[in-house]
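J.: I have a structure here, written as structure tokens, and I will follow up with some questions on it.
2 protein chains.
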Amino acid sequence: MLARELAEPYPVVDLDTDAFAAARLLADQRLPGLIVNGDNGRPWTILPGSQVLRFVVPGYVQDDPALARVYDERHADQLFRPLATRSVRELLPRKPPELATLKGEDTAIEVAALMARLRSPLVAVLEGGEFLGAITVSRLLSMLLPEAP
Amino acid sequence: MLARELAEPYPVVDLDTDAFAAARLLADQRLPGLIVNGDNGRPWTILPGSQVLRFVVPGYVQDDPALARVYDERHADQLFRPLATRSVRELLPRKPPELATLKGEDTAIEVAALMARLRSPLVAVLEGGEFLGAITVSRLLSMLLPEAP
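These protein sequences, in sequence, are chains A and B.
In terms of my numbering, the first sequence is numbered consecutively and its last residue is 149.
In terms of my numbering, the second sequence is numbered consecutively and its last residue is 1149.
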């Protein structure tokens, strides 16, 4: 089985995508992260949902659980307001982790080896530089694992 | 909103759970990882799907993409055979990462602060030491994020 047969549709955003729209996509599609295209228009990194939280939750609240406890929940709506005027580029950590990528012609074992080596739950599949889709570790297991040992 | 209202069912396995059954659970439920109870019967760590791959894919194949390419796909079935005689305990990395846990009475902001600080996509919610469920970052965003900014 080849990577191109394993690849499934996966949401991709650009560095200039509105940060609020990206957060809504994470929420609506119940995803742990989004694939982000680099400036060259090709998949480049992942925006994890936890990074959105790092951006909006004040640092002093992150560092002190006691302050988090007294943080007024009525402010929760306002917590996300800054996202409306920011881009995905501004949400990303300073050194975004490199996204694991493979070619459509790579084999399932190559996918497994890459995920194992990088401890990655997700790889992007490119063909001729174009994004074909993503492979999650559970998708790979569901295709490779026999029904019974 | 409190953690106990945010918590959703999530598969939990024990250290003595059959490793093959754990891998099938990851595949069938399309999950990136499972929650693993420690020897005290309480949620303790995560078994990521990529760790299952690290266990079964030979090290020389993980290290050399060229060897992965020539690895015979007909052996893929046999790749997972060792899981049948192993337990989850044997699959885990030597120093398993600590699972982020919260109490049922903790607030949504405390959940957000913990996920942000630990860069964690998942937290377990305990009440009186019992596992209530898990909260994913996308679940939290879907409950906290307003429809429009």
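Cβ coordinates follow ideal geometry from the N, Cα and C atoms, glycine included.
As the structure is a computational prediction, the values presented were derived from the model and not from experiment.
Can you find a C-beta in chain B that's less than 8 Å from the C-beta of D77(A)?
T.: Here the question's residue 77(A) lines up with position 77 in the first sequence. Taking Cβ atoms only, chain B reaches closer than 8 Å to D77(A), which makes this a yes.
J.: Using the DSSP secondary-structure output, state which residues sit across from G33(A) in a beta bridge.
T.: Within the first sequence, the letter at position 33 stands for residue 33(A). BP columns for G33(A) point to P48(A).
J.: Measuring CA to CA, which of S1138(B), V1057(B), L1126(B), A1007(B) is closest to Q29(A)?
T.: Here residue 29(A) is taken as the residue at index 29 of the first sequence, counted from 1. Of S1138(B), V1057(B), L1126(B), A1007(B), the residue nearest in Cα terms is S1138(B).
J.: Show which residues of chain B have a CB atom less than 9 Å away from the CB atom of G49(A).
T.: Your numbering for residue 49(A) matches position 49 in the first sequence. The contacting residues are M1115, P1121, T1136, V1137, S1138, L1140, L1141.
J.: Along the alpha helix (DSSP H) that carries L1132(B), what are the first and last residues, could you check?
T.: Your numbering for residue 1132(B) matches position 132 in the second sequence. Segment 1130-1136 is the beta strand (DSSP E) holding L1132(B); no alpha helix (DSSP H) there.
J.: According to a CB-to-CB cut-off of less than 8 Å, which residues of the segment 26-55 of chain A neighbour chain B?
T.: From the segment 26-55 of chain A, only L26, A27, D28, Q29, R30, L31, P32, G33, P48, G49, S50, Q51, V52, L53, R54 have a Cβ closer than 8 Å to chain B.
J.: Fully enclosed by the segment 1053-1086 of chain B, which alpha helix (DSSP H) runs are 4 residues long or longer?
T.: Listed in chain order, the complete alpha helix (DSSP H) runs (minimum 4 residues) inside the segment 1053-1086 of chain B are 1059-1063, 1065-1070, 1076-1079.
J.: Since A1124(B) and T1107(B) are thought to touch, with beta carbons under 8 Å apart, how far apart are those beta carbons, to the nearest angstrom?
T.: Taking the first residue of the second sequence as 1, we reach residue 1124(B) at position 124. Taking the first residue of the second sequence as 1, we reach residue 1107(B) at position 107. A1124(B) to T1107(B), Cβ: 16 Å. No contact.
J.: So, are the CB atoms of S1050(B) and A116(A) less than 8 Å apart?
T.: Numbered from its first residue, the second sequence carries residue 1050(B) at position 50. Numbered from its first residue, the first sequence carries residue 116(A) at position 116. It is a contact, given that the beta carbons lie within the stated cut-off.
J.: What did DSSP end up calling A124(A) once you bin it into helix, strand or coil?
T.: Translated into positions along the first sequence, residue 124(A) becomes position 124. Three-state DSSP puts A124(A) in a strand.
J.: L1015(B) lies in the alpha helix (DSSP H); which residues open and close that run?
T.: Your numbering for residue 1015(B) matches position 15 in the second sequence. It is not in any alpha helix (DSSP H) - L1015(B) carries neither H nor E in the DSSP assignment.
J.: Would you kindly report the start and end of the unbroken beta strand (DSSP E) that includes P102(A)?
T.: Within the first sequence, residue 102(A) is the residue found at index 102, counting from 1. Correcting the residue type first, residue 102(A) is Leu in the shown sequence and not Pro. 101-103 is the span of the beta strand (DSSP E), which, as asked, contains L102(A).
J.: For a test of your reading of the model: does the CB of F80(A) fall under 7 Å from any non-hydrogen atom of the ligand GTP? Yes or no.
T.: Questions concerning the ligand GTP fall outside what the structure shown contains, since it holds no ligand whatsoever.
J.: Below 8 Å CB to CB, which residues in the same chain sit around K103(A) once its five sequence neighbours on both sides are set aside?
T.: For the purposes of this step, residue 103(A) is taken as the residue at position 103 of the first sequence. So the qualifying residues of the chain are A3, V125, L126, E127.
J.: Can you give me the C-alpha to C-alpha distance between Y1060(B) and L1067(B), rounded to a whole angstrom?
T.: Within the second sequence, residue 1060(B) is the residue found at index 60, counting from 1. Within the second sequence, residue 1067(B) is the residue found at index 67, counting from 1. Roughly 7 Å between the two C-alpha positions.
J.: Return no unless some Cβ of chain A is closer than 8 Å to the Cβ of P1096(B).
T.: Taking the first residue of the second sequence as 1, we reach residue 1096(B) at position 96. Judged by the 8 Å Cβ criterion, P1096(B) is not in contact with chain A.
J.: Buried or exposed, going by whether 16 or more other CB atoms sit within 10 Å of the CB of G1129(B)?
T.: Residue numbering aside, residue 1129(B) sits at position 129 when the second sequence is read from its first letter. Exposed is the call here.
J.: With a threshold of 8 Å between beta-carbons, can L1083(B) be considered close to chain E, or not?
T.: Protein chains A and B are contained in the structure displayed, whereas chain E is not.
J.: Would you mind telling me which residues of chain B sit closer than 7 Å to P9(A), beta carbon to beta carbon, in chain order?
T.: To locate residue 9(A), count along the first sequence from 1; it is residue 9. Going along chain B, no residue has its Cβ under 7 Å from P9(A), so there is no contact; the nearest lies around 14 Å.
J.: Looking at chain B, is there any beta carbon in it that lies within less than 8 Å of the beta carbon of R4(A)?
T.: Translated into the one-based positions of the first sequence, residue 4(A) becomes position 4. Cβ-Cβ to chain B under 8 Å: no for R4(A).
J.: Just how far apart, CA to CA, sit L1144(B) and D1063(B)?
T.: As a first step, residue 1144(B) is located in the second sequence; it is residue number 144 there, counting from the start. As a first step, residue 1063(B) is located in the second sequence; it is residue number 63 there, counting from the start. Roughly 42 Å separates the two Cα atoms.
J.: How big is the Cα-Cα spacing for R69(A) and V57(A)?
T.: Indexing the first sequence from 1 puts residue 69(A) at position 69. Indexing the first sequence from 1 puts residue 57(A) at position 57. Each residue's Cα considered, the two are about 13 Å apart.
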